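Here is the structure we will look at, set down as structure tokens.
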Amino acid sequence: GLLLRNNVGVNRAGAVAISARFSNYGDYTQRMMEAIQSSWWSILEKSKFESVARGRVVVQFKLCRDGSVVEAQILRSEVPEILALACKDAVQAPAPFDAWREDMVALFGEDDIVIINFHYL
Numbered sequence: 171g172l173l174l175r176n177n178v179g180v181n182r183a184g185a186v187a188i189s190a191r192f193s194n195y196g197d198y199t200q201r202m203m204e205a206i207q208s209s210w211w212s213i214l215e216k217s218k219f220e221s222v223a224r225g226r227v228v229v230q231f232k233l234c235r236d237g238s239v240v241e242a243q244i245l246r247s248e249v250p251e252i253l254a255l256a257c258k259d260a261v262q263a264p265a266p267f268d269a270w271r272e273d274m275v276a277l278f279g280e281d282d283i284v285i286i287n288f289h290y291l
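Numbering (this note's numbering), first residue to last: 171 to 291.
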């Protein structure tokens, strides 16, 4: 999947990767992932966690054709709950994302499941 990396030298740096059928729609996916990653770093920065555990958090959500996010849930977490919740919040905070183009609607219908891997490095 698409992987965005943090170029900022922050000790709580992390990377975000997406697993979705529409990863072929690079421009749409890139904008959505940048918004989620920016949201995640902002949440971590505001929370001022003393230390961040290393590990992965997997968040699944349903992305609707209007760009809204529903049914977000944490599928797996290797970090303390507060850090896992930061990942879930990072998906929901920047929504709604852009509405789908007609060709996306034709391919995916009304919604699609998206899985995002957050890596605390």
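Note that the Cβ used here is the ideal one computed from N, Cα and C, for glycine as well.
Note that this is a predicted model, so its numbers are computed, not measured.
Buried or exposed for glycine 184, please, with buried defined as at least 16 other CB atoms from any protein chain shown within 10 angstroms of its CB. Your numbering for residue 184 matches position 14 in the sequence shown. With 16 or more Cβ atoms within 10 Å of its Cβ, glycine 184 is classed as buried.
Between serine 293 and isoleucine 285, which are expected to be in contact by the criterion C-beta below 8 Å, what is the C-beta distance as a whole number of angstroms? The structure shown does not extend to residue 293, since the chain is modelled only from 171 through 291, so no value can be given for it.
Residue range of the beta strand (DSSP E) that includes alanine 185: Position 15 of the sequence shown, counting from 1, holds the residue named residue 185. Here the beta strand (DSSP E) through alanine 185 covers 184-189.
Could you tell me the alpha carbon to alpha carbon distance between methionine 246 and phenylalanine 288, rounded to whole angstroms? Here the question's residue 246 lines up with position 76 in the sequence shown. Here the question's residue 288 lines up with position 118 in the sequence shown. The sequence shown places arginine at residue 246, not methionine. Rounded to whole angstroms, arginine 246 to phenylalanine 288 spans 10 Å at the Cα level.
Measuring only the C-alpha atoms, how far is alanine 276 from serine 212? Locating residue 276 in the sequence shown gives position 106, where the first residue counts as 1. Locating residue 212 in the sequence shown gives position 42, where the first residue counts as 1. Whole-angstrom Cα-Cα distance: 35 Å.
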